[in-house]
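If you read the sequence shown in my numbering, its first letter stands for residue 1132, the second for the next number, and so on. Cβ coordinates follow ideal geometry from the N, Cα and C atoms, glycine included. What follows is a single structure, written as structure tokens, with notes after it.
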Amino acid sequence: MTRRAVVRGIGHYLPERVVANAEFEKTLDTTDAWIRSRSGIERRHFAAPGENTSDLATRAALAALANAGMEGAEIDAVILATSTADLTFPSAATMVQEAIGNTSGFAFDVQAVCAGFVYALANANALITSGQADRVLVIGAETFSRIMDWTDRGTCVLFGDGAGALVLEGVEGTGTPADSGILATDLNSDGRFRDLLYVDGGVSTGSAGVLRMQGKEVFRHAVEKLATTAETALARAGLTHDDVDWVVPHQANIRIIEATAKKLALPMERVVVTVQDHGNTSAASIPLALSVGVQRGQIKPGDLIVTEAIGGGLAWGAVVLRW
Ligand code: COA
């Protein structure tokens, strides 16, 4: 018998305000056509003033709990992947913990930028398979609109706000790849590349700062590293790309998504794509895509999913799970 972390519920939340590419034409030297052709993004959501990451995370968490038929009080651990926590501390996860009415569990943030949700899933899996927790709420939530340089057309058109959440629970599996739940994970980082994508503020500067990116370089690393991490996680699970029903990639850029699918020898018909509607929501993009994929009727019970992401650090990784 092998203990597995299986998905019991899923949900997401997107702020009300939708911003189409054309809005940027008013303030920047850019066009809807440029943004679409270079990134695949058509629109994104931005949080309202006073609406913070923990608020988005709470909405997604409550939706996932409702979907699982569970109360917040039944959760053992809340793991929130975010790089845009409301405050330097406490963690946004503890804010969510209070908001969902949980006092018996423990809560913490995971900060691995766009790879954050993959890191959070791997942490949740480790807590569950080691017997330290039975029910873990794993959330990805971001308000990247708060760390944009609105004069930098190379970055501010690419990002959006949102949140998605999963409820995982420990069950006994058979130890074969036919099991439901998380089957394998692969995590990586390489701090030599930290200057390619970073925020130029924080505790050391006295202000939150804004995002800085060398887009072309990040693009190059992404295509190379995402396919490799996905293949590694699949091999660890004893599976190959032929077994995959759905790739659920980090939604940064349609060209990265397409190039990675090609390297994995998987047709775009087996890739869940939401980047056109959400932009890059960093750690929120994968749970958002999973939730939308379920809503659309793409992802069904029993499907084999590989999810992969890369972001600042650089940090990257993949998770193989059966829905
Ligand atoms: N509108 C119009 N022109 C723009 C623009 C915009 N919004 N943003 C940048 N440009 C211009 C640049 O100023 C540059 O002009 P120049 O050649 O006169 O200097 C040119 O477009 C850049 O072209 P290029 O570098 O060939 O663009 P690209 O095909 O690399 O696309 C990105 C740029 C940012 C979309 C792309 O590099 C990318 O997506 N990178 C990965 C970013 C990412 O996903 N990061 C997050 C990972 S988690």
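- DSSP places Thr1405 in no alpha helix (DSSP H); its state is neither H nor E.
- For Thr1274, the closest alpha carbon among the candidates Leu1289, Ala1264, Val1267 is that of Leu1289.
- As DSSP reads the structure, Ala1208 sits in a beta bridge with Phe1237, Val1267.
- According to the DSSP assignment, Thr1260 belongs to no beta strand (DSSP E) but to the alpha helix (DSSP H) extending over 1247 to 1260.
- The beta carbon of Gly1369 lies closer than 6 Å to those of Pro1308 in the same chain, with the five residues before and after it left out.
- Take Glu1205, set aside five residues on each side of it, and the residues of its chain with a beta-carbon closer than 7 Å to its own are Arg1266, in chain order.
- Remark: the shortest separation between the CB of Asn1319 and any heavy atom of ligand 1 does not fall under 7 Å.
- About 7 Å separates the Cβ atoms of Ala1364 and Val1437, confirming a contact at the 8 Å cut-off.
- Inter-residue distance for Glu1229 and Ala1216 is about 15 Å (C-alpha atoms, whole angstroms).
- Secondary structure note for Met1226: its alpha helix (DSSP H) is the uninterrupted segment 1223 to 1230.
- Not one heavy atom of ligand 1 is found less than 7 Å from the C-beta of Trp1281.
- In terms of side-chain proximity, the C-beta atom of Ala1251 is found no nearer than 7 Å to any non-hydrogen atom of ligand 1.
- Each of Lys1347, Ile1385, Ile1388, Asp1310 was checked against the Cα of Thr1133, and the nearest Cα belongs to Asp1310.
- The beta carbon of Ala1420 sits closer than 7 Å to the beta carbons of Val1379, Gln1382, Val1403, Thr1405 from its chain, once the five residues preceding and following it are set aside; these are given in chain order.
- Under the DSSP assignment, Leu1419 falls in the alpha helix (DSSP H) whose first and last residues are 1416 to 1426.
- Taking the Cβ of Phe1237 as the reference point, every heavy atom of ligand 1 lies at 7 Å or farther away.
- DSSP places Phe1350 in the uninterrupted alpha helix (DSSP H) bounded by 1346 to 1367.
- Between Val1423 and the set Ala1224, Gly1295, Phe1237, Arg1148, the nearest pair of CA atoms involves Gly1295.
- Taking the Cβ of Ile1441 as the reference point, at least one heavy atom of ligand 1 falls within a distance shorter than 7 Å.
- Per DSSP, Thr1282 lies in no beta strand (DSSP E) and is assigned neither H nor E.
- Contact between Gly1140 and Asn1198 holds: CB atoms are separated by about 4 Å, below the 8 Å threshold.
- Ala1151: member of the beta strand (DSSP E) spanning 1148 to 1151, first to last residue.
- Asn1319 has Trp1447 as its beta-bridge partners, per DSSP.
- By the Cβ criterion, the segment 1267 to 1287 is in contact with the segment 1174 to 1191, since at least three pairs of Cβ atoms, one from each stretch, lie closer than 8 Å.
- In its own chain, leaving out the 5 sequence neighbours on each side, no residue places its CB closer than 7 Å to the CB of Asp1326.
- Per the C-alpha coordinates, the member of Asp1408, Val1298, Gly1443 positioned closest to Arg1343 is Gly1443.
- Distance check between Pro1146 and each of Ser1416, Gly1262, Asp1292 places Asp1292 closest, using alpha-carbon atoms only.
- Of the residues assessed, Asp1373 falls on the exposed side of the cut-off, its CB having fewer than 16 other CB atoms within 10 angstroms.
- The beta carbons of Ile1441 and Ala1246 sit about 6 Å from each other, so the pair counts as a contact at 8 Å.
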